[in-house]
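Working notes, beginning with the structure itself.
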Amino acid sequence: MLSAQSRYHEVYAGWKSDPEGFWAEAAREIDWIRPADKVFDSQAGIYGRWFVGAQCNTCYNAVDRHVATRGDQAAIIYDSPVTGTKRAITYAELQAEVATLAAVLQDMGVTKGDRVVIYMPMIPETTFAMLACARIGAIHSVVFGGFAAKELATRIDDAKPKAILSASCGIEGARVIPYKPLLDEAISLSKAKPESCLVFQRPQLDASLVDGRDLDWAGAVAQARAEGRKADCVPVEATDPLYVLYTSGTTGIPKGVVRDNGGHMVALKWSMGHFFGVKPGEVFWAASDVGWVVGHSYIVYGPLLHGCTAILYEGKPVGTPDAGAYWRVIADHGIVTLFTAPTAFRAIKKEDPGADLLKKYDLSAFRALFLAGERADPDTVKWAEDILGTPVIDHWWQTETGWPVAGNPLGLGALPVKHGSPTVPMPGYTLDVLDEAGKSVGPNKMGSIVIKLPLPPGALPTLWNADERFRDSYLSVYPGYYNTSDAGYLDQDGYIWVMGRTDDIINVAGHRLSTGGMEEVLASHPAVAECAVIGMKDALKGEVPCGFVVLKSGIDRSPEEIEAELVALVREKIGPVAAFKLAITVSRLPKTRSGKILRGTMKKIADGDEWSTPATIDDPMILTEIGDVLRARGLAG
Numbered sequence: 001m002l003s004a005q006s007r008y009h010e011v012y013a014g015w016k017s018d019p020e021g022f023w024a025e026a027a028r029e030i031d032w033i034r035p036a037d038k039v040f041d042s043q044a045g046i047y048g049r050w051f052v053g054a055q056c057n058t059c060y061n062a063v064d065r066h067v068a069t070r071g072d073q074a075a076i077i078y079d080s081p082v083t084g085t086k087r088a089i090t091y092a093e094l095q096a097e098v099a100t101l102a103a104v105l106q107d108m109g110v111t112k113g114d115r116v117v118i119y120m121p122m123i124p125e126t127t128f129a130m131l132a133c134a135r136i137g138a139i140h141s142v143v144f145g146g147f148a149a150k151e152l153a154t155r156i157d158d159a160k161p162k163a164i165l166s167a168s169c170g171i172e173g174a175r176v177i178p179y180k181p182l183l184d185e186a187i188s189l190s191k192a193k194p195e196s197c198l199v200f201q202r203p204q205l206d207a208s209l210v211d212g213r214d215l216d217w218a219g220a221v222a223q224a225r226a227e228g229r230k231a232d233c234v235p236v237e238a239t240d241p242l243y244v245l246y247t248s249g250t251t252g253i254p255k256g257v258v259r260d261n262g263g264h265m266v267a268l269k270w271s272m273g274h275f276f277g278v279k280p281g282e283v284f285w286a287a288s289d290v291g292w293v294v295g296h297s298y299i300v301y302g303p304l305l306h307g308c309t310a311i312l313y314e315g316k317p318v319g320t321p322d323a324g325a326y327w328r329v330i331a332d333h334g335i336v337t338l339f340t341a342p343t344a345f346r347a348i349k350k351e352d353p354g355a356d357l358l359k360k361y362d363l364s365a366f367r368a369l370f371l372a373g374e375r376a377d378p379d380t381v382k383w384a385e386d387i388l389g390t391p392v393i394d395h396w397w398q399t400e401t402g403w404p405v406a407g408n409p410l411g412l413g414a415l416p417v418k419h420g421s422p423t424v425p426m427p428g429y430t431l432d433v434l435d436e437a438g439k440s441v442g443p444n445k446m447g448s449i450v451i452k453l454p455l456p457p458g459a460l461p462t463l464w465n466a467d468e469r470f471r472d473s474y475l476s477v478y479p480g481y482y483n484t485s486d487a488g489y490l491d492q493d494g495y496i497w498v499m500g501r502t503d504d505i506i507n508v509a510g511h512r513l514s515t516g517g518m519e520e521v522l523a524s525h526p527a528v529a530e531c532a533v534i535g536m537k538d539a540l541k542g543e544v545p546c547g548f549v550v551l552k553s554g555i556d557r558s559p560e561e562i563e564a565e566l567v568a569l570v571r572e573k574i575g576p577v578a579a580f581k582l583a584i585t586v587s588r589l590p591k592t593r594s595g596k597i598l599r600g601t602m603k604k605i606a607d608g609d610e611w612s613t614p615a616t617i618d619d620p621m622i623l624t625e626i627g628d629v630l631r632a633r634g635l636a637g
């Protein structure tokens with residue numbers, strides 16, 4: 001629970017006074033094949049490198065070292081309401097599965113340093129694939145199963161994989177999504193052709209295999225198992241890449257975020273106990289997808305490095321079968337901590353505003369909810385606090401950082417909550433807020449949030465084969481700092497307030513206003529389930545805000561009446577300076593598969609600018625609805 005006696009300030013000050021000593025101590029939690037020559041080498045890499053000279057193996061630390069002490073404990077619990085399947089895999093079973101699959105990869109010619117693209121659904125074999133790559137020193141790159149062929153092709157061309165691991169299909173709600181045709185098209189579009197593909201056939205769909213290129217997963221694994229072949233853990237440098245994870249780039253070319261082996265393990269292991277407050281042997285659930293960084297860090301690597309039981313969930317927060325899905329999973333498996341996106345809880349709140357479904361389940365083991373991935377509006381946080389009776393911890397980080405930049409460290413004794421703020425920076429991160437000239441703006445003033453270099457262990461050292469692009473994208477705007485591209489402010493207590501992406505700060509008649517602040521007001525209305533505010537072009541004011549709202553289920557008042565109340569509410573809470581005159585009711589908001597609202601695309605539609613359907617969108621038809629609604633009001637250009 002929340003504690004006035006938090007150790008946070010003492011721990012953070014200890015890191016600041018001796019960063020290398022702090023991370024050297026944290027590194028004792030990892031089994032090293034060879035210790036580091038230097039904890040931090042400021043002359044290596046672009047801004048320095050962590051644990052230079054050390055050798056290690058991430059798969060050994062996540063799997064093998066636990067077998068002697070917790071071999072019979074579940075390492076992964078697969079829970080799939082869309083297929084009606086549950087499966088517990090112990091650490092001993094996980095070691096056998098991963099070692100055998102790693103031997104199959106070696107048979108396919110994959111060796112240390114080779115890239116392997118993983119294009120798979122949320123099934124245990126996907127985690128086996130990631131760990132098998134780590135076991136033999138191959139670099140994995142997970143791409144969402146079901147990702148469009150053209151987007152997959154760009155990632156294949158950038159990573160140049162020796163092999164691709166895939167499955168016949170994924171399941172989204174009630175829909176079966178064939179993967180193999182998308183994979184075949186992507187390979188035909190790409191210049192870099194993989195030597196082979198390993199395909200897992202799911203019972204829901206049988207995929208056709210290409211002679212001479214494609215191998216049947218089950219058959220290859222069965223043969224290796226029958227022959228007793230298992231791959232040993234291959235030593236790698238701490239600074240060698242563990243994986244490349246692609247994130248959207250402003251040029252349309254994806255950016256391959258590189259994650260190293262050594263610093264990644266140290267940071268994630270530290271975060272599990274000190275930040276999330278979870279103990280080895282406990283059940284931890286990150287309700288995300290392994291296609292996102294959250295899935296890498298906190299479905300697979302973090303929990304396993306810490307000796308926890310990780311949940312692998314193939315389902316949705318609502319609709320599989322209802323808005324009580326999360327409560328059922330927590331109760332069934334004795335989960336102590338859930339980490340998910342705020343949008344999941346907004347969806348649950350929309351469908352079951354009174355949390356009536358929660359009453360069916362025993363959540364007595366449950367201790368805390370962590371929210372990240374987008375801004376956690378205070379209304380949703382308060383609703384979750386009220387229904388759960390546990391701490392609800394907002395925290396903030398990015399694909400690039402790999403683990404939390406700022407949050408409320410439950411493992412150190414949580415600090416007082418300020419709704420709307422993800423609280424304070426974690427050890428390793430010095431935050432500042434700068435103006436356009438690169439000067440600190442002082443407390444409670446809006447600006448660009450930056451992180452002082454060097455970045456801590458676990459953060460990206462560079463982009464895949466793109467050092468100059470890394471410098472240009474992150475380090476050139478504010479020399480000496482990593483530019484987060486997020487906007488916000490630090491308050492007088494050192495709490496960070498992340499109000500949105502830098503391009504979500506709109507300029508209304510010379511006033512810089514946060515769309516996040518307006519969204520906070522809209523979300524406080526009792527009829528609103530979720531919302532998004534964008535800045536639309538305006539000939540007079542430059543930009544004017546437009547709010548899109550989704551109403552809660554069971555609201556029997558007219559949308560027009562509620563929209564008028566919302567306009568008045570923003571005028572009351574923020575003032576006339578916001579020039580907020582337009583609230584529009586829609587059935588849904590366009591989102592990525594991780595739940596991030598596509599505000600940039602909505603703005604382009606509203607402004608009449610050229611736009612394309614983002615590759616990560618969950619349902620493209622929502623964009624058509626947004627355009628239709630705007631045109632009906634005479635707004636879309």
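If you're matching positions, the sequence shown starts at 1 in UniProt numbering and goes up one per residue. All C-beta atoms in this analysis are idealised placements derived from N, C-alpha and C, irrespective of residue type, glycine included.
| Item | Value |
| --- | --- |
| Does DSSP classify residue 623 as helix, strand or coil? | helix |
| How many Å lie between residue 531 and residue 390 at the Cα? | 25 Å |
| For residue 596, name the three-state secondary structure that DSSP assigns. | coil |
| On the CB-based measure, 16 or more other CB atoms within 10 Å of its CB, does residue 379 come out buried or exposed? | buried |
| Determine the burial state of residue 624: buried for a count of at least 16 other Cβ atoms within 10 Å of its Cβ, exposed for fewer. | exposed |
| Would you report the Cα separation of residue 3 and residue 468, rounded to the nearest angstrom? | Below a pLDDT of 50, predicted positions are generally treated as unreliable, and residue 3, at 49, falls in that range; no measurement from the model is reported. |
| Classify residue 232 as helix, strand or coil using the three-state DSSP reduction. | coil |
| My output table needs one value for residue 428: the three-state DSSP class, helix, strand or coil. | coil |
| For residue 523, I'd like the list of residues in its chain whose CB is within less than 8 Å of its CB, leaving aside the five on either flank, ordered along the chain. | 377, 378, 379, 380, 530 and 531 |
| Taking the alpha helix (DSSP H) that residue 159 belongs to, which residues open and close that run? | 149–159 |
| Would you call residue 500 buried or exposed, if buried means 16 or more other Cβ atoms sit within 10 Å of its Cβ? | buried |
| For residue 629, name the three-state secondary structure that DSSP assigns. | helix |
| Locate the alpha helix (DSSP H) running through residue 661, then write down its first and last residues. | Coverage of the chain is limited to positions 1 through 637, which leaves residue 661 absent and any answer about it impossible. |
| Based on Cα-Cα distance, which residue from 596, 262 and 285 lies nearest to residue 272? | 285 |
| List the endpoints of the continuous beta strand (DSSP E) containing residue 128. | Per DSSP, residue 128 belongs to no beta strand (DSSP E); it is in the alpha helix (DSSP H), 124–136. |
| Please state whether the Cβ-Cβ distance between residue 198 and residue 165 is less than 8 Å. | yes |
| Is the stretch 228–242 close to the stretch 10–26, with three or more CB pairs under 8 Å? | no |
| Is residue 495 helix, strand or coil by DSSP? | coil |
| Considering just the uninterrupted stretch of the beta strand (DSSP E) at residue 403, what are its terminal residues? | That residue, residue 403, is in no beta strand (DSSP E); it is neither H nor E in DSSP. |
| Using 7 Å as the cut-off, classify the Cβ of residue 325 as near or not near the heavy atoms of the ligand MG, replying yes or no. | As far as ligands go, the structure on display features none, and thus does not contain the ligand MG. |
| Where does residue 591 fall in DSSP's three states? | strand |
| Output yes or no for whether 8 Å exceeds the beta carbon distance between residue 451 and residue 484. | yes |
| Near residue 432, which residues of its chain fall below 6 Å by C-beta distance, leaving aside the five closest residues on each side in sequence? | 440 and 450 |
| Assuming contact is defined by CB atoms lying nearer than 8 Å, are residue 409 and residue 91 in contact in what I supplied? | no |
| Are residue 603 and residue 521 close, meaning C-beta to C-beta below 8 Å? | no |
| In the DSSP assignment, what residue or residues form a beta bridge with residue 64? | According to DSSP, which records beta bridges pairwise, residue 64 is partnered with nothing at all. |
| Where do the ends of the beta strand (DSSP E) carrying residue 538 lie? | 528–538 |
| Which complete beta strand (DSSP E) runs does the UniProt domain "Acetyl-coenzyme A synthetase N-terminal" (8–62) hold, if anything under 3 residues is left out? | 38–41 and 49–52 |
| From which residue to which residue does the alpha helix (DSSP H) around residue 274 run? | 262–274 |
| Determine the closest residue to residue 612 out of 151, 80 and 29, with distance taken between C-alpha atoms. | 151 |
| Is the stretch 103–112 in contact with the stretch 342–353, if contact means three or more CB pairs nearer than 8 Å? | no |
| Over the uninterrupted alpha helix (DSSP H) stretch that includes residue 379, give me the two end residues. | 378–388 |
| Please list the terminal residues of the continuous alpha helix (DSSP H) segment that includes residue 446. | Unbroken run through residue 446: none, as it is neither H nor E. |
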